[in-house]
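First comes the structure, then the notes that go with it.
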Amino acid sequence: MTGSRGRPDKSSSASAEDAAPLADDLFDEADERGHFFERPARTSSAKAVPPPEDKHYHGHRDRLRTRFRDAGDTALADYEILELLLFRLIPRRDTKPVAKALLDRFGTLSSVFGATPELLQEVKGIGEAVALDLKLISAVAQRTLKSEIRNKTVLASWSSVIQYCHAAMAHEPREQFRILFLDKRNTLIADEVQGRGTVDHTPVYPREVVRRALELSSTAIILVHNHPSGDPTPSRADIDMTKTIVETARPLGITVHDHIIIGKDGHASLKGLRLM
């Protein structure tokens, strides 16, 4: 097309050139989910033709959803459960390789959800937003388990206590010292982390433990801490510290029911081992 004096009309090419940077800006502002979108190739024509969408994984997603709907989670392997979840978090990418990479890196589903956001982002395909989404799901699971022991007699719900403590502490990279405070009916009053330490030590002050129990009008407590090494076997320091807390609490009418040590694949009970 030419103008009134025969010169080429640049309006069409100018609009196409203006549109291409705008599209690039939109892609650049997206989070890592947008990173997996196919970026349209620039063309010199006024109307760019978008590339065909790769839909090779769409049928697989539908089949996986159908299996889960019809047969539940027992019909799926761990990587498929994780893949099914990642469908929602990364909607435009084949998430099977990402799910398998997460399990290869961390070993188990529990370890995936227990990993820190920084470690999760070391896996190709996981950016900050998806890492935080995975941690949010982990937090929901922990709150769900905690609700199972709230307002219940803790000693009658012992398996629920262990499940909650394992979910909350098993994959922490540093030691935590947690106390479950109970009332005279052994109902949970409070669940508090009293100290955080290094990979193999947490400072514990028996007087502070007892002082906090008195503040909460707690008549019984359960001590819990984790071993980041994964081995829940109690150390001599664990045993001695427990005995000191028992002896400090007893004259004030506070019972120490147990000291539980949480490892990645199990737990140890000092009471069950007759070490307190």
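Using my numbering, you'd call the opening residue of the sequence shown number -2 and step up by one each time. Note that beta-carbon positions come from the ideal geometry of N, C-alpha and C, so glycine has one too.
Problem set entry | Per-residue burial, Lys44 [other beta carbons within 10 Å of its own, 16 or more giving buried] | Unreliable placement is indicated for Lys44, whose pLDDT of 47 sits below 50; the coordinate value is still reported in the next sentence. Per the 10 Å Cβ criterion, exposed.
Problem set entry | Nearest-angstrom beta carbon gap, Lys143 and Tyr161 [assumed within contact, 8 Å] | 5 Å
Problem set entry | contact_flag[the segment 128 to 146, the segment 193 to 206] where n(CB pairs < 8 Å) is 3 or more | no
For this session: Ignore the nearest five residues each way along the sequence and tell me which others in Gly69's own chain have a CB closer than 6 Å to its CB.
Result: none
Problem set entry | Rounded C-alpha distance that separates Thr184 from Ser157 | 13 Å
Problem set entry | Separation of Lys268 from His222, as counted between CA atoms | 14 Å
Exercise. Can you tell which of Ile146, Glu145, Thr113 has the C-alpha that lies nearest to the C-alpha of Asp130?
Worked result: Thr113
For this session: Would you tell me roughly how many angstroms separate the C-alpha atoms of Glu172 and Glu80, rounded to the nearest one?
Result: 31 Å
Problem set entry | Proximity of Gly192 and Pro229 at Cβ, strictly below 7 Å | no
Exercise. Okay, do the segment 92 to 110 and the segment 119 to 130 touch, 3+ Cβ pairs below 8 Å being the bar?
Worked result: yes
For this session: Tell me the start and end of each unbroken alpha helix (DSSP H) in the segment 215 to 248 that is at least 4 residues and wholly inside, in chain order.
Result: 233 to 246
Exercise. Nearest-angstrom Cα distance between Glu50 and Arg102?
Worked result: Summary for Glu50: the model assigns pLDDT 45, below 50, so the residue's position carries little reliability, and this model does not support an answer.
Problem set entry | Leu83 to Asp59 span [Cα, whole Å] | 14 Å
Problem set entry | Ala234 versus Leu272, Gly250, Arg247, residue with shortest Cα-Cα distance | Leu272
Exercise. Does the separation of the CB atoms of Phe174 and Ala187 fall below 7 Å?
Worked result: no
Problem set entry | Delimiting residues of the alpha helix (DSSP H) encompassing Asp75 | 75 to 86
For this session: Can you tell me which of the three DSSP states Val151 falls into?
Result: helix
Exercise. Pro170: which of Asp67, Gly227, Ser266 sits nearest, CA to CA?
Worked result: Gly227
Exercise. So, helix, strand or coil for Ile134, using DSSP?
Worked result: helix
For this session: Can you give me the start and stop residues for the beta strand (DSSP E) that Ala210 sits inside?
Result: Note, Ala210: premise wrong, no beta strand (DSSP E); alpha helix (DSSP H) at 203 to 212.
Exercise. If you run the structure through DSSP and keep just helix, strand and coil, what is Val196?
Worked result: coil
Exercise. Grouping DSSP H, G and I as helix and E and B as strand, with all else coil, what is Val109?
Worked result: helix
Problem set entry | Distance CB(His254)-CB(Ile159) smaller than 7 Å | no
Problem set entry | Beta-carbon gap between His284 and Ser108 smaller than 7 Å | Nothing can be reported for residue 284, as the shown portion of the chain is limited to -2 through 273.
Problem set entry | Cβ-based burial, Thr239 [other Cβ within 10 Å; buried from 16] | buried
For this session: Tell me where the beta strand (DSSP E) around Val95 begins and ends.
Result: Where Val95 is concerned, there is no enclosing beta strand (DSSP E), although the alpha helix (DSSP H) it sits in stretches over 93 to 103.
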